[in-house]
Amino acid sequence: CLENGTVKVPESFHRVFDLILAGDWQNLSVPVDMGGQGAPAFMGAAAAEYFLAANWALYCYATMGNGTALIIQLFGTEEQKKKYVRKLTAAQWGGTMLLTEPEAGSDVGALTTTAVKNQDGSYSLTGNKIFITNGEFDLVENIIHPVLARIEGDPPGTKGITLFLVPKYFVNEDGSLGDRNDIVCSGVEEKHGIHGSATCSMTLGGKGKCIGYLLGEKCRGMKIMFNMINHARMSTGLQGLCYASAAYLLAVN
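Spelled out as structure tokens, the structure:
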């Protein structure tokens, strides 16, 4: 449920989430240099089948940060890698991806979220995103949002889209958490299924103070984000397998 901008997951999720993290199940096939165990992908998929067939929503909270960590590892600065990657693969922090907008669904190039560069090199973002999986939830200390936006003056369409990292809480140089950023959950979708997973509407810069940090090169946002999208597509395929397996076994038994 959504209370004062915070999504509270089912109480039963907390204990099981902690047990998943205690066994490091969430990063079984994540590369060692990213804080994972480095097992082959097929081993990670085999282990995940048990969790996903039982409760996809819960396991997604624990693992979606791996995709966020991946694009930071591939395209981030050394400072960004040090600041974010291992916290994400340890599921101390959550990860998302903010693409879709009310008027920019399949046509992502029509997005209207804007970014204005600040004197310190950061960017001020303003816009609204919808259908954001895990956009807000109370199982982790922080959430790192990769956000597609257009820097003022850049070309229209997908060729002018840039990717930014927008943390829920700012991260200090020593790794501790600072003030809350101006990105908030403004609503949670009512879906036909997977009710335990919060599909959120997110408002950036409602108070004019949403700060994001460039990830990779300008106007390369779509290319960078597709590394995470393709990672998510494989997870979606595994999700279908798990549901089919669970349904079959329930029918047999």
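Counting from 1, one number per residue, gives the positions in the sequence shown under full-length UniProt numbering. Where is the CB? At the ideal position from N, CA and C, for every residue including glycine. Quick caveat: nothing in here was measured; it's all calculated off a predicted structure.
- In this structure, P146 sits away from M202, with a CB-CB distance that is not shorter than 7 Å.
- In this structure T126 is in contact with C210, their Cβ atoms being roughly 7 Å apart against a cut-off of 8 Å.
- Closest in alpha carbon position to A22, among A62, F226 and T100, is A62.
- A244: not part of any beta strand (DSSP E); member of the alpha helix (DSSP H) spanning G221 to V252, first to last residue.
- In this structure, L241 sits away from L163, with a CB-CB distance that is not shorter than 7 Å.
- Boundaries for A91: no alpha helix (DSSP H) harbours it, and the DSSP string shows neither H nor E there.
- Rounded to the nearest whole angstrom, the CA to CA distance from N172 to I71 is 21 Å.
- Beta-carbon to beta-carbon, K129 and I151 are separated by about 17 Å, too far to satisfy the 8 Å threshold.
- The bridge partners DSSP lists for T113 come to none.
- H145 sits in a strand when the DSSP states are folded into three classes.
- Here F17 is buried: its Cβ has 16 or more other Cβ atoms, across all protein chains shown, within 10 Å.
- Ranked by Cα distance from K159, the first of A246, S235 and A110 is A110.
- The C-beta of L99 has 16 or more other C-beta atoms within 10 Å across all chains shown, which makes the residue buried.
- The C-beta of Y123 has 16 or more other C-beta atoms within 10 Å across all chains shown, which makes the residue buried.
- For K8, the CB contacts under 6 Å within the same chain, skipping 5 residues up- and downstream, are C1 and D138 in chain order.
- Closest by C-alpha distance to D174, out of E190, K82, L148 and I161, is K82.
- Put simply, the backbone Cα of I143 is about 27 Å away from that of A46.
- Taking 3 residues as the minimum length, the beta strand (DSSP E) runs contained wholly in the UniProt domain "Acyl-CoA oxidase/dehydrogenase middle" (97-203) are 114-117, 123-133, 142-151, 162-167, 169-171, 177-180 and 183-188, in order along the chain.
- Per DSSP, reduced to three states, the secondary structure at E217 is coil, with no helix or strand assignment.
- Nearest C-alpha to Q26 among N134, E136, V166 and T89: T89.
- CA-CA distance, I224 to N230, rounds to 11 Å.
- The continuous alpha helix (DSSP H) containing W56 extends over residues A41 to T63.
- Selection Q92, F42 and A69 evaluated against D33 yields A69 as nearest (Cα-Cα).
- Burial check for E101: the Cβ neighbour count within 10 Å reaches 16 or more, so the residue is buried.
- The closest CA to that of D182, considering only Q37, G206 and G221, is found on G206.
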